[in-house]
Amino acid sequence: MLARIVRVALLVELAAWAALGGWLGAGPLALAALVVAAPAALRLAIIVVSFALARQWGSPREPGEEIGPGAGLAMVAEEWLAMLANNFAWLPFENAVLRPDPVPAPQATLPVILVHGYFSNRGTLCRLAEALDRAGTGPVIVPSLPAVVAPIETFAAHLEIVVREVTDASGQGRAILVCHSMGGLVARTYLQAHGAGRIAGIVTLGSPHHGSALAVLGSGENGRQMRPGSDFLRRLGEGEAVRPPSVPLLSVFTAHDNLVAPQESSRLDWARNVRIAGVGHLAMLADSRVHLAVGEEIARLRAQAAA
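Residues 999 to 1305, numbered by our numbering, are exactly what the sequence shown covers, in order.
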């Protein structure tokens, strides 16, 4: 559903830029340049503003995390390119940029389910899925949860269906969840609603476990739920205090996250936390340090289950 919405939105956006160029009397070459450059420039502006706001509202940097102008520009450029790829390829053409999920079948090891975040689908996770596939980490299942701006509880209900189907088909009884951004909140909500019986472990990547100040710019009920101090986050924390989760959780996050601020919002007291630096919120999905941390945690959980 989201892919179709994005394709229509892109057509409308490009048509609007073309109409503006025509109104300004641009020739064919200038018109083509406008239609290409304007959307790219708009997204660059969004990225720059997001980094500025995340710095303003962000957590203090730890020793060694400050980066120079050159590295900062490279980080912004990397996040910008990731946003362009996400907007123009990964989101609208999710099944073209990522291979189909493995056919459900009995497996010799715990299956892995990747859980996407806010205003995303399986296409957003293509670089992470590709890295896991190259490392021989399969089976890796990457569903698109059929909701866009619904409450996070709705995403968790859809995730429950996926988890049940995957664990039943694999014969393993449990799965490992690897979640980006809001996906981490979806996984924690799933645990509260359905328990940990089918979950061997969770990895979250850049998840706003305590909310993000930038969520005030988001839309939909799920966007409002990610605002710091929301009723949803309060209930989630209170529920975990009463009944602590019984599965291991690894939270990997970046000190330079441009969408989760303060960045320490990704830290959970009851989890293992790994903090990296020099990469943004979306680009971290293609970061080799993230791939290594995820792969090692999956291997550890599988070895633990096999022991």
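Think of the CB as a built atom: it goes at the ideal place given N, C-alpha and C, for glycine as much as any other residue.
Since the model is a prediction, treat every value here as computed from it, not as a measurement.
Residue 1055 places its beta carbon less than 7 Å from that of residue 1259. The alpha-carbon of residue 1102 is positioned some 30 Å away from that of residue 1085. Within a 10 Å sphere around the beta-carbon of residue 1088 sit 16 or more other beta-carbons, which makes this residue buried.
The beta carbon of residue 1177 lies closer than 6 Å to those of 1113, 1185, 1202 in the same chain, with the five residues before and after it left out. Note: residue 1197 is bridge-paired with 1173 in the DSSP secondary-structure output.
At a Cβ-Cβ threshold of 7 Å, residue 1080 and residue 1253 do not count as neighbours. Residue 1162 and residue 1029 have their C-alpha atoms roughly 51 Å apart.
DSSP, read as helix, strand or coil, puts residue 1022 in coil. The beta carbons of residue 1279 and residue 1129 sit no closer together than 7 Å.
The stretch 1044–1116 contains, as complete beta strand (DSSP E) runs of 3+ residues, the segments 1110–1113 (chain order). If you draw a straight line from the Cα of residue 1265 to the Cα of residue 1021, it comes to about 50 Å. Residue 1135 sits in coil when the DSSP states are folded into three classes, being neither helix nor strand. Between residue 1209 and residue 1251, the CB-CB gap reaches or exceeds 7 Å. Closest by C-alpha distance to residue 1051, out of 1005, 1295, 1257, is 1257.
Of the residues 1126, 1108, 1003, 1065, the one whose Cα lies closest to the Cα of residue 1305 is 1108.
For residue 1179, no beta strand (DSSP E) run applies, since DSSP gives it neither H nor E.
Straight through space, the alpha carbons of residue 1091 and residue 1004 are spaced by roughly 9 Å.
Under the 8 Å Cβ criterion, the stretch 1165–1176 does not count as touching the stretch 1207–1226, having fewer than three qualifying pairs. Straight-line spacing of the CA atoms in residue 1167 and residue 1064 works out to 47 Å. For residue 1206, the CB contacts under 6 Å within the same chain, skipping 5 residues up- and downstream, are 1224, 1258, 1263 in chain order. When DSSP reads this structure, residue 1250 sits in a beta bridge with 1203, 1272.
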